[in-house]
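To start, the structure under review is shown below, and the notes come after it.
In this note's numbering, the protein residues as written are 99 to 319.
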């Protein structure tokens, strides 16, 4: 077990008040600000549905994820063809979206654009606003992978609320140069646990700024 592992069930770590207030204010403002973009995305998806039968399906893709030990419904714009994920669900298996994303043939035309700029994740701002997630934290896992990790005595996904982005995402091009995904998550959890709320907030803002740079460069694929 890694030396920095969250290896005891003495969690969750309380969320600092400045972090939660920042989540509410920023996610609320962004939901309002991006509402015209949401309408545009939906219209583009409708047009694609009209001209491509293979890409037809619901506007949103939903699945159950875990955040600080609790299940919630994660929503994102559907970027997959239904033929890519419905057979998996039909067999009662867990859909691993990251694996599907690696094959461009699984993505709709709109989905390829949305994924490039992380716009498919925009509906999760509502999850942040409602308190299911935070703007910054470990990404939420599906219940099966979450339970498997807990079974191995690893509690990083249980310690704090899941995030829209986090340290793993800003170093995703070479996470091993920074100790790997586990260490990145553990270091962030330890920071939240030991620092005061304003320092945690300042740290979150730095992570969000780096994440925005990824978005602007179109590095979502």
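All C-beta atoms, glycine included, are put in the ideal place defined by N, C-alpha and C.
Because the structure is a prediction, the values reported are computed rather than measured.
Residue i, enclosing alpha helix (DSSP H) - first and last residue
i           : result
residue 213 : 207-214
residue 177 : First-last for residue 177: undefined, no H or E at that position.
residue 300 : 295-314
residue 128 : 115-131
Residue span of the beta strand (DSSP E) that contains residue i, given as start and end
i           : result
residue 185 : Premise fails: residue 185 lies in the alpha helix (DSSP H), 180-188, not in any beta strand (DSSP E).
residue 262 : 261-263
Which of helix, strand or coil DSSP assigns to residue i
i           : result
residue 167 : coil
residue 289 : helix
residue 270 : coil
residue 191 : coil
residue 277 : coil
residue 250 : coil
residue 140 : helix
residue 201 : coil
residue 134 : helix
residue 226 : helix
residue 111 : coil
residue 245 : helix
Neighbourhood of residue i by C-beta, 7 Å cutoff - its chain only, sequence neighbours within 5 removed
i           : result
residue 244 : 164 and 255
residue 204 : 178, 179, 182 and 198
residue 124 : 233
residue 286 : 264 and 265
residue 167 : 110 and 256
Beta-bridge pairing of residue i - partner residues as DSSP gives them
i           : result
residue 232 : 261
residue 159 : 174
residue 239 : 164
Neighbourhood of residue i by C-beta distance below 6 Å, restricted to the same chain and skipping five residues each side
i           : result
residue 173 : 158, 160 and 221
residue 209 : 177
residue 121 : 226, 232 and 233
residue 264 : 234, 235 and 236
residue 298 : 114, 117 and 290
Any C-beta of chain B under 7 Å from that of residue i
i           : result
residue 148 : Considering every chain present, this structure includes no chain B. It has just one protein chain.
Own chain, CB closer than 8 Å to residue i, minus 5 neighbours either side, in chain order
i           : result
residue 300 : none
Check: residue i C-beta below 6 Å from any heavy atom of the ligand NAD
i           : result
residue 122 : The ligand content of the structure shown is nil, which means the ligand NAD is not present either.
Are at least three pairs of beta-carbons, each pair with one atom in the segment 294-314 and one in the segment 141-148, less than 8 Å apart?
-> no
Counting Cβ pairs closer than 8 Å, one from the segment 217-234 and one from the segment 184-203, do we hit at least three?
-> no
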